[in-house]
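**Q** The following block contains the structure, expressed as structure tokens.
As structure tokens, this is what we get:
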């Protein structure tokens, strides 16, 4: 009888312990849904400029993960297995929200990995322009190259962070306002850098600069055709355009092979200069981009 009573008590103790462990595990999982191991809100983004946007608003409350790494092409990049695993710990994903191939190919899969993750469409509210790439329809996906568009993206990111973490709304509001001021100053800086260059034509390898050209009265001509290397006839046509327009500079993004740009530059007695639309240090990079385009 005594042994049976001891056995019953032991079973009760074990069941109580199991219950306590289950409760602790539940609350631990609830906490991980809001923050990652660093105690910060995990936020994943598609492209480099969004890293600065999120950090500018989120400050020390966020930990940002970049899905398309530096030097990779968001039109062709495939996420790595470790990136997909890490995504399960994030609370928010900031998608560009335009017809960017990385997102059109993988967003559904990314959402399925973490169904509780808030998806923020950074381009919501932006006036999209038609895709200028040859043989491609739809909207131009490169909205971030316009500081005016960047302000809208930052506002959307701010709204997402406040939704997740309303207790720190005042903190996010202050950070947002300070960064929006930086973007206004950037817009003024670019306008000053390009003074006198209105209606100039820029020849770029990849047509990523449509929104930039719209804002600052430039015309963009791309070397690549439909995401592919140009034909011999295509290069010949570009050489004619450059010569007729007295264009001496060709601009190439770092994730693309400059070979065809080098050919055009050689034929026109010009030079090839780098411009990066995907750099993570957005404000400083866009100042550099404007200075580079001013050499046209």
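Numbering (my numbering), first residue to last: 228 to 523. Backbone N, C-alpha and C fix where the C-beta goes; we use that ideal spot for every residue, glycine too.
(1) Take residue 380 as the anchor and find which of 333, 445, 277 has the nearest alpha-carbon.
(2) Would you call the segment 405-423 and the segment 480-490 touching, i.e. three or more CB-CB distances under 8 Å?
(3) In chain order, which beta strand (DSSP E) runs of at least 3 residues are fully inside the segment 442-480?
(4) Tell me which same chain residues have a C-beta within less than 8 Å of the C-beta of residue 514, skipping the five on either side of it?
(5) To the nearest angstrom, how far is the alpha carbon of residue 332 from that of residue 377?
(6) List, from N- to C-terminal side, the alpha helix (DSSP H) runs of 4 residues or more that fit wholly inside the segment 256-317.
(7) Residue 484: buried (16+ other C-beta within 10 angstroms of its C-beta) or exposed?
(8) Please classify residue 420: does DSSP put it in a helix, a strand, or coil?
(9) Any C-beta of chain C sitting closer than 8 Å to the C-beta of residue 521?
(10) Are the segment 466-482 and the segment 380-391 touching, with three or more C-beta to C-beta distances below 8 Å?
(11) Can you list, in chain order, the residues of its chain with a C-beta nearer than 6 Å to that of residue 367? Leave out the 5 residues immediately preceding and following it.
(12) Please list, in chain order, all residues of the same chain as residue 476 whose beta carbon is under 7 Å from its beta carbon, the five residues on each side excluded.
(13) Name, in chain order, the residues that DSSP records as bridge partners for residue 431.
(14) So residue 373 packs on residue 439, CB below 8 Å; how close in whole Å?
(15) Beta-carbon within less than 7 Å of residue 411's beta-carbon, same chain only, minus the 5 sequence neighbours each way: which residues are those?
(16) Need the endpoints of the alpha helix (DSSP H) that residue 388 sits in, please.
(17) My output table needs one value for residue 506: the three-state DSSP class, helix, strand or coil.
(18) Answer yes or no: do residue 306 and residue 327 have a C-beta to C-beta separation smaller than 8 Å?
(19) Check whether the Cβ atoms of residue 268 and residue 290 lie closer than 8 Å to each other.
(20) Residue 407 by DSSP, collapsed to three states: which one?
(21) How should residue 271 be labelled, buried or exposed, when 16 other C-beta atoms within 10 angstroms of its C-beta is the threshold for buried?
(22) Check residue 323 in the structure and name its three-state DSSP category.
**A** Judging by the given coordinates:
(1) For the purposes of this step, residue 380 is identified with residue 153 of the chain shown, where counting begins at 1. With distances taken between Cα atoms, residue 380 lies closest to 277.
(2) No: the two stretches stay apart, fewer than three of their Cβ pairs being nearer than 8 Å.
(3) 446-449, 476-479, all fully within the segment 442-480.
(4) Numbered from 1 along the chain shown, position 287 holds the residue referred to as residue 514. Cβ within range, chain order: 413, 416, 417, 420.
(5) Walking along the chain shown from the start, residue 332 turns up at place 105. Walking along the chain shown from the start, residue 377 turns up at place 150. Looking at the two C-alpha atoms, the distance is approximately 24 Å.
(6) 275-285, 308-314, all fully within the segment 256-317.
(7) Looking up residue 484 in the chain shown gives position 257. Exposed.
(8) As a first step, residue 420 is located in the chain shown; it is residue number 193 there, counting from the start. Helix.
(9) Looking for chain C here will not work: only one protein chain is present.
(10) Verdict: no, contact absent.
(11) Here residue 367 refers to the residue found at position 140 of the chain shown. The residues are 356, 358, 437.
(12) Against the chain shown, residue 476 aligns to sequence position 249. Correct list, in chain order: 497, 498, 500, 522, 523.
(13) Numbered from 1 along the chain shown, position 204 holds the residue referred to as residue 431. Residue pairing by DSSP puts residue 431 in a beta bridge opposite 449, 478.
(14) Against the chain shown, residue 373 aligns to sequence position 146. Against the chain shown, residue 439 aligns to sequence position 212. By a beta-carbon distance limit of 8 Å, residue 373 contacts residue 439. Their separation comes to about 6 Å.
(15) Locating residue 411 in the chain shown gives position 184, counting from the first residue. Taken in chain order, the list of residues that qualify is empty.
(16) Taking the chain shown and counting its residues from 1, one reaches residue 388 at position 161. Taken as a continuous stretch (DSSP letters only), the alpha helix (DSSP H) holding residue 388 covers 374-391.
(17) On the chain shown, residue 506 is found 279 positions in, with the first residue counted as 1. Coil at residue 506, not helix or strand.
(18) In the chain shown, the residue the question calls residue 306 occupies position 79. In the chain shown, the residue the question calls residue 327 occupies position 100. Not closer than 8 Å, so no.
(19) Translated into positions along the chain shown, residue 268 becomes position 41. Translated into positions along the chain shown, residue 290 becomes position 63. One thing to note: residue 268 has its Cβ within 8 Å of the Cβ of residue 290.
(20) Residue mapping note: residue 407 aligns to position 180 of the chain shown, counting from 1. The answer is helix: DSSP assigns residue 407 an H, G or I state.
(21) Against the chain shown, residue 271 aligns to sequence position 44. Looking at its Cβ environment, which holds 16 or more other Cβ atoms inside 10 Å, residue 271 is buried.
(22) Looking up residue 323 in the chain shown gives position 96. Correct three-state label for residue 323: coil.
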